[in-house]
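Trainee: Count along the sequence shown from 1, then add 46; that gives the number in my numbering.
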Amino acid sequence: MKPEIVAATERAFEFTRRICRKHTSRLTGTTACLDTADEIKSELAQFCNSVHQQDFTTHPDSFLGFIRVSVALYFVALWLYWLNWYGTALLVGLVNMVIVAGQFFLYRELLDGFYPRRQSRNVWGVIEPTGRARQQIVVSAHHDSAHVFTFLEHCPAQYILLVNAGFAISIGLWLASGGTWLAQAFGYDTSATAAAAKWTFAILSVGVLPLWFFYKRQGTPGAGDDLICVASGLEIGRYFAQPQNRLQHTRLIVASWDAEECGLRGARAFIGEHQSLLSALPTSNLNFECFYQLPHLSALTSDLNGFVKLSETLAAECTAIGSELGYDIRSVRFPLLAGGTDAAEFSKAGIAATTLQGMCYADKGNWPAYHTTRDTIENVSWPVTSAVIDISLSLIQRKDRRVG
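Right, here's the structure in full:
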């Protein structure tokens, strides 16, 4: 491996180790998260032409808070169903489905106003090219860490079953409410089937109740998700800031977003406030996530539970360059129920984007580090980190030569 890649990887690991030792978790809105943003800003100031900060307001508890709202609405709908108020139960179930779809599947801010406000902080640095800028590349990751997910922490093998079962039961009650209401509206006798449904969903409630405990107030160390990715972005910026490596016609923006773990709010805030910067030149976004498993090194072609299309061209460039460099990397789609990455916000804004990552979102493996207290530097993959840095440097250099 090239000496400069080894040195960059070593520095990335040291930075991650230092921040994780100082801040055991970095939940959005906490002092630890804000202080981490300030430390990243100080790093950027060492080699960037200009460094910027954006403070914005979030309601971080709303993002996962919808799960308890959903559980509560399930039991309200079940109670209404037992009272034979099938139409009202159907309406409550519909509200539940809208909240789940909006808050999780589409990352909409439906419930934010019901939760406390917190201050969040994005930071980024700009490295100008030696000549006239003809394009810009945003290299990004996020510095906030996630809440500990209870099922992944204690029973990861049952994670998918517990999550899917809970939401499937809620959908089932909603459909049963609608079916019974329609049957009554057309004059059918529903007494027998309704009685059976009441007892069925009362018993199945044991499959919904665990969702109430889906996450803990505790935050993860967040070494692999996503501090090592921030550190890798810093190393890419540091490399191109050196006089012998300066880009000729590409403005490089090295960014670290806050509030990714509460619905991509940081990237969304940046894009919302800086449309003029992003539209000034042809722009692309190279985002980093979850450097855990080398066999799952990949570039995403979709995001946000598969509902947002990412740039297949950019992902193909990453995989082609990776293959040339000797890495086993492929393009993959983002699976349903797996969440999203900040690249989704850039893609929704019409910017070519992909995420380079090293984890299988559909099968997180035995005792994963992802969203658990095990997300420490010991569980971050050195090979994934060095591969992403190597691929990214080559990609950026090629894109710069292309517009030269």
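We put the beta carbon where it would ideally sit given N, CA and C, even for glycine.
From the DSSP output, in three-state form, read off N130 for me.
Mentor: coil
Trainee: Per DSSP, what kind of secondary structure is C406 in: helix, strand or coil?
Mentor: coil
Trainee: By the 10 Å Cβ neighbour count, where 16 or more other Cβ atoms means buried, how is G25 classified, buried or exposed?
Mentor: The structure shown has nothing for residue 25, since the chain only spans 47 to 450.
Trainee: Can you tell me which of M405, W220, T419 puts its alpha carbon nearest to the alpha carbon of C66?
Mentor: The option with the nearest alpha carbon to C66 is T419.
Trainee: So the beta strand (DSSP E) A301 belongs to, where does it begin and stop?
Mentor: 296-303
Trainee: Compute the distance between the beta-carbons of T387 and S377, then report whether it is under 7 angstroms.
Mentor: no
Trainee: Classify D409: buried if its beta carbon has 16 or more other beta carbons within 10 angstroms, exposed otherwise.
Mentor: exposed
Trainee: Please confirm whether K244 has its beta-carbon closer than 7 angstroms to some beta-carbon of chain B.
Mentor: In summary, chain B is missing from the structure at hand, where a single protein chain is found.
Trainee: Under a three-way DSSP split, which group does A395 fall into?
Mentor: coil
Trainee: According to DSSP, simplified to helix, strand and coil, what is Q339?
Mentor: coil
Trainee: Tell me where the beta strand (DSSP E) around Y416 begins and ends.
Mentor: Segment: none, Y416 is in no beta strand (DSSP E) and carries neither H nor E.
Trainee: Along the chain, where does the alpha helix (DSSP H) containing N168 start, and where does it finish?
Mentor: Element bounds for N168: not the alpha helix (DSSP H) but the beta strand (DSSP E), 164-173.
Trainee: Taking the C-alpha atoms as reference points, what is the distance between W258 and S216?
Mentor: 13 angstroms
Trainee: Do the region 130-143 and the region 276-292 make contact, defined as three or more Cβ pairs closer than 8 angstroms?
Mentor: no
Trainee: Should N412 be labelled buried (16 or more other beta-carbon atoms within 10 Å of its own) or exposed?
Mentor: Classification for N412: exposed.
Trainee: Below 6 angstroms, is the gap between the Cβ of T77 and the nearest heavy atom of the ligand GTP?
Mentor: Although the ligand GTP was asked about, the structure shown includes no ligands whatsoever.
Trainee: In whole angstroms, what is the alpha-carbon distance linking L90 and E358?
Mentor: 30 angstroms
Trainee: Sort L156, C406, I367 by Cα distance to G39 and report the nearest one.
Mentor: This structure leaves residue 39 out entirely; the chain is present only between 47 and 450.
Trainee: Among Q92, H189, G212, A398, which residue has its Cα nearest to the Cα of E363?
Mentor: A398
Trainee: Which residue comes first and which comes last in the beta strand (DSSP E) that contains Y9?
Mentor: No statement about residue 9 is possible, as the shown extent of the chain runs from 47 to 450 and does not include it.
Trainee: Taking the alpha-carbon positions, what's the Y373 to I437 distance?
Mentor: 9 angstroms
Trainee: Ignore the nearest five residues each way along the sequence and tell me which others in T6's own chain have a CB closer than 7 angstroms to its CB.
Mentor: Since the first residue shown for the chain is 47 and the last is 450, residue 6 is missing from the structure and cannot be characterised.
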